[in-house]
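Written below as structure tokens is the structure these notes are about.
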Amino acid sequence: MANVKHSEFYQVYVWQIPVRVYHWVNAACVLVLAVTGYLIGKPLAIHSSAEASKQYWFGTIRFIHFATAYIFLFNYLFRIYWGFVGNRYSRFSKYLPVTRANWHEMLRVLRIDILQIRKGPLPSIGHNALAAFSYFILFLAFLFEVFTGFGLYAAMSKHWFAQMFAWIVPLMGGDFAVRQWHHAMMWVFVIFSLIHIYLVFYHDYVEGRGVTSSMVGGWKFIEKDEADILD
Amino acid sequence: MSEKPQTLWEKMQQQGYSRRDFLRFCGYITAAAGIHASGLSTVVRALETKPRPPVVWFHFQECTCCSESFIRSSHPIVADVILDRISLDYSETLQAAAGHQAEEALHQAMEKYHGQYIMTVEGSVPTKDGGIYCTIGGRTALDVVKEAANGAKAIIAWGSCASNGCVQSAKPNPTGATPIHKVISGKPIINVPGCPPIAEVMAGVIVHILAFDRLPHLDGLGRPKAFYSKRVHDSCYRRPFYDAGLFVETFDDENAKKGYCLYKMGCRGPVTYNSCGIIKWNNGVSYPIQSGHGCIGCSEANFWDNGPFYQHLASFPGFGIETTADTIGAIVGVGTVAGIAAHAISTNIRKRKLIKEEIEHSVKDAKLPR
Numbered sequence: 000m001a002n003v004k005h006s007e008f009y010q011v012y013v014w015q016i017p018v019r020v021y022h023w024v025n026a027a028c029v030l031v032l033a034v035t036g037y038l039i040g041k042p043l044a045i046h047s048s049a050e051a052s053k054q055y056w057f058g059t060i061r062f063i064h065f066a067t068a069y070i071f072l073f074n075y076l077f078r079i080y081w082g083f084v085g086n087r088y089s090r091f092s093k094y095l096p097v098t099r100a101n102w103h104e105m106l107r108v109l110r111i112d113i114l115q116i117r118k119g120p121l122p123s124i125g126h127n128a129l130a131a132f133s134y135f136i137l138f139l140a141f142l143f144e145v146f147t148g149f150g151l152y153a154a155m156s157k158h159w160f161a162q163m164f165a166w167i168v169p170l171m172g173g174d175f176a177v178r179q180w181h182h183a184m185m186w187v188f189v190i191f192s193l194i195h196i197y198l199v200f201y202h203d204y205v206e207g208r209g210v211t212s213s214m215v216g217g218w219k220f221i222e223k224d225e226a227d228i229l230d
Numbered sequence: 000m001s002e003k004p005q006t007l008w009e010k011m012q013q014q015g016y017s018r019r020d021f022l023r024f025c026g027y028i029t030a031a032a033g034i035h036a037s038g039l040s041t042v043v044r045a046l047e048t049k050p051r052p053p054v055v056w057f058h059f060q061e062c063t064c065c066s067e068s069f070i071r072s073s074h075p076i077v078a079d080v081i082l083d084r085i086s087l088d089y090s091e092t093l094q095a096a097a098g099h100q101a102e103e104a105l106h107q108a109m110e111k112y113h114g115q116y117i118m119t120v121e122g123s124v125p126t127k128d129g130g131i132y133c134t135i136g137g138r139t140a141l142d143v144v145k146e147a148a149n150g151a152k153a154i155i156a157w158g159s160c161a162s163n164g165c166v167q168s169a170k171p172n173p174t175g176a177t178p179i180h181k182v183i184s185g186k187p188i189i190n191v192p193g194c195p196p197i198a199e200v201m202a203g204v205i206v207h208i209l210a211f212d213r214l215p216h217l218d219g220l221g222r223p224k225a226f227y228s229k230r231v232h233d234s235c236y237r238r239p240f241y242d243a244g245l246f247v248e249t250f251d252d253e254n255a256k257k258g259y260c261l262y263k264m265g266c267r268g269p270v271t272y273n274s275c276g277i278i279k280w281n282n283g284v285s286y287p288i289q290s291g292h293g294c295i296g297c298s299e300a301n302f303w304d305n306g307p308f309y310q311h312l313a314s315f316p317g318f319g320i321e322t323t324a325d326t327i328g329a330i331v332g333v334g335t336v337a338g339i340a341a342h343a344i345s346t347n348i349r350k351r352k353l354i355k356e357e358i359e360h361s362v363k364d365a366k367l368p369r
């Protein structure tokens with residue numbers, strides 16, 4: 000932090016509009032899916048004097064969950080597509096720590112995050128290697144939720160799209176097991192969100208690159224004398 | 000064992016049933032088997048003309064509740080004719096023969112009808128320690144089942160034991176109890192799960208094979224689609240309460256009296272594929288949910304391990320009794336928040352001086368008025 004020069008910054012356009020839209024649609028979907036999903040697993044004890052035929056709140060909750068799941072899935076597929084056609088920061092080159100440079104960066108970020116020690120500039124303008132890897136894991140978790148969720152949904156929908164996922168149920172040993180894992184995985188998103196949001200604030204604080212607002216406006220601020228050694 | 004196999008119609012005439020009784024039975028069983036009304040004439044013709052298929056009926060690791068269910072079928076002719084008078088060439092429970100006689104009858108049937116007989120199995124097959132946990136006539140169940148399967152035209156796995164292992168295969172499965180489809184390959188196998196299966200479902204499967212000379216349509220788990228394609232939940236008369244969000248909270252509350260949905264009491268209806276809500280039990284009198292108790296999912300694999308029965312989500316393996324995913328998730332969540340708080344505090348303590356300088360510099364660098 001001591002090396003940060005405050006006077007000289009480049010403004011770098013990092014997150015394109017599609018990436019930002021994906022991010023916030025996804026965040027909203029995950030929030031809605033987690034809340035409605037939790038309610039489906041543990042419905043509130045709502046008592047009303049109205050006739051049962053006048054009530055449909057649980058049906059509505061389930062409808063919202065299913066409809067949001069479709070939005071979530073297509074948004075996700077769009078992001079995969081954008082990873083191939085978008086700018087350099089939206090690509091998936093760092094998602095797997097397969098190169099030496101990626102490993103080194105991951106270790107450095109871990110040092111910053113956990114030991115709070117920093118030597119020299121952070122090597123990435125877009126995702127750092129550790130963040131990218133965590134998103135890779137998250138993408139796998141998304142896929143798991145899509146497959147188990149639509150697998151369960153296949154029992155209720157004769158639509159060919161849902162039926163494409165029907166095979167997952169016998170593979171996992173029945174609806175009960177699928178439901179159990181689909182539900183348990185929800186907590187991975189809760190934990191991820193807590194850490195993700197905190198680390199965004201933390202990095203913004205210690206780097207001063209405006210990472211929080213970058214997901215709104217798309218711009219990050221990179222130190223001029225470090226920019227030439229960054230990718 | 001009859002020398003010349005008779006048709007069902009011939010047998011019924013001998014029993015003193017009228018043509019009307021016969022047709023009524025055909026109509027009943029056609030409907031029960033989930034066959035369209037246009038298929039009725041096929042069923043009638045088949046039962047009139049086709050000799051009843053020879054059946055050998057095995058009992059391994061089981062409680063005989065499948066047989067008990069079958070002979071209590073709501074239609075008397077099912078028990079009287081299909082089972083009692085069927086050319087049931089071997090059945091440990093129901094045959095008169097015993098010991099060597101019984102074994103001889105089995106071997107005669109298997110030789111005489113090689114490639115034609117239907118093999119029905121009740122119970123799972125133990126595979127641990129050489130299969131010694133279930134032996135018949137001095138031979139292991141595994142041995143018997145393999146020999147009999149060799150000449151069978153088709154295999155029907157009655158009940159959860161034979162189709163998914165049921166209670167014997169519950170953890171830790173000390174005998175290595177294994178369902179039939181995992182020990183036999185290369186033969187058509189129909190799984191008819193349930194503990195026990197519904198009698199009409201069992202009769203329906205047999206009649207389907209008899210009438211159409213082929214297996215009923217099966218789903219991905221080898222179950223007849225006619226009976227297992229819908230969840231108990233889908234045909235439940237309490238389903239409207241589920242959609243309305245009206246649930247029984249405890250078994251003795253007002254909601255239980257009103258007959259609300261048993262979802263929160265751990266009802267397995269939403270994850271169980273069976274016909275209980277439609278065919279029901281004991282002559283269509285009732286079924287568990289109608290009697291105020293949630294479904295325990297007895298026709299689903301691993302239903303013993305998915306407990307406790309009165310909880311919506313199962314206990315998580317390795318985390319002690321009654322720890323659901325939510326409890327674990329909440330604990331990890333609180334731990335994460337605590338970690339984040341500690342991290343934030345330590346960041347500010349360790350870098351306090353540095354941050355102070357930084358902030359001062361930043362203002363100075365920008366040459367902003369103080």
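Keeping their order, the protein sequence lines are chains A and B. Counting in numbering that gives the first Met the number 0, the first sequence runs from 0 upward without gaps. Counting in numbering that gives the first Met the number 0, the second sequence runs from 0 upward without gaps. Glycine is no exception: its CB is placed at the ideal position from the N, C-alpha and C atoms.
Neighbouring residues, chain A, relative to B/T335 (Cβ below 9 Å) | V189, I190, L193, I194, Y197
Looking only at DSSP bridge pairs, what is B/M118 linked to?
-> B/V55, B/I154
Looking at the unbroken beta strand (DSSP E) that takes in B/K145, where does it start and where does it end?
-> Segment 140-149 is the alpha helix (DSSP H) holding B/K145; no beta strand (DSSP E) there.
Counting only the same chain and skipping the five closest in sequence on each side, list residues whose C-beta sits under 7 Å from that of B/Y241.
-> C260, Y262
If you run the structure through DSSP and keep just helix, strand and coil, what is B/W280?
-> strand
Tell me, please, whether the CB atom of B/T322 is closer than 7 Å to any CB atom in chain A?
-> Contact of B/T322 with chain A is not assigned, every C-beta pair being separated by 7 Å or more.
Taking the C-alpha atoms as reference points, what is the distance between B/P287 and B/L209?
-> 31 Å
Are the beta-carbon atoms belonging to A/H202 and A/V215 less than 7 Å from one another?
-> Against a cut-off of 7 Å, the Cβ pair of A/V215 and A/H202 comes out as no contact.
Range of the contiguous beta strand (DSSP E) that encloses B/Y236 | Careful: B/Y236 lies outside any beta strand (DSSP E) and carries neither H nor E.
Give the secondary structure of B/R230 by DSSP, where H, G and I count as helix, E and B as strand, and everything else as coil.
-> strand
Shorter than 7 Å from the beta carbon of A/Y21 to some beta carbon of chain B?
-> no
Give the C-beta separation of A/A131 and A/Y80 to the nearest angstrom, bearing in mind that I take them to be a contact with Cβ-Cβ under 8 Å.
-> Going by Cβ atoms, the distance from A/A131 to A/Y80 rounds to 18 Å, so no, they are not a contact pair.
Between the Cα of B/T48 and the Cα atoms of B/V55, B/S274, B/S40, which residue gives the shortest distance?
-> Minimum Cα-Cα distance from B/T48 among the listed residues B/V55, B/S274, B/S40 corresponds to B/S40.
Report yes or no: is there a C-beta of chain A within less than 7 Å of the C-beta of B/D252?
-> No, B/D252 lies away from the interface with chain A (no Cβ there is under 7 Å from its Cβ).
C-alpha gap between B/L312 and A/A183, whole angstroms | 10 Å
Cα-Cα separation, A/N2 to A/A176 | Only weak support exists for where A/N2 lies, its pLDDT of 47 falling under 50; the value from the coordinates is given anyway. Going by the C-alpha atoms only, they are around 53 Å apart.
To the nearest angstrom, how far is it from the Cα of B/R84 to the Cα of B/P52?
-> Reliability of the predicted coordinates at B/R84 is poor, the pLDDT of 49 falling under 50, and the value obtained from them is presented with this limitation in mind. Near 12 Å, if we compare the C-alpha coordinates of B/P52 and B/R84.
Members of the region 294-320 of chain B that neighbour chain A once the beta carbon cut-off is set at 7 Å | G296, E299, A300, N301, N305, H311, L312, A313
Alpha carbon of B/T6 to alpha carbon of B/N281, nearest angstrom = 28 Å
Short-range partners of chain B found in the region 8-35 of chain A, where Cβ spacing is below 8 Å | none
Inspect the CB distances between the region 153-167 of chain B and the region 185-194 of chain B and report whether three or more fall short of 8 Å.
-> yes
If we cut at 7 Å on Cβ distances, does A/D203 have a partner in chain B?
-> no
Would you mind sorting B/I330 into buried or exposed? The rule is 16 or more other CB atoms within 10 Å of its CB.
-> exposed
Assigned exposure category for A/R110 - 16 Cβ within 10 Å defines buried | Exposed, since its Cβ has fewer than 16 Cβ neighbours within 10 Å.
In its own chain, which residues sit with a C-beta less than 7 Å from the C-beta of A/L137, not counting the 5 before and 5 after it?
-> These residues qualify, in order along the chain: F191.
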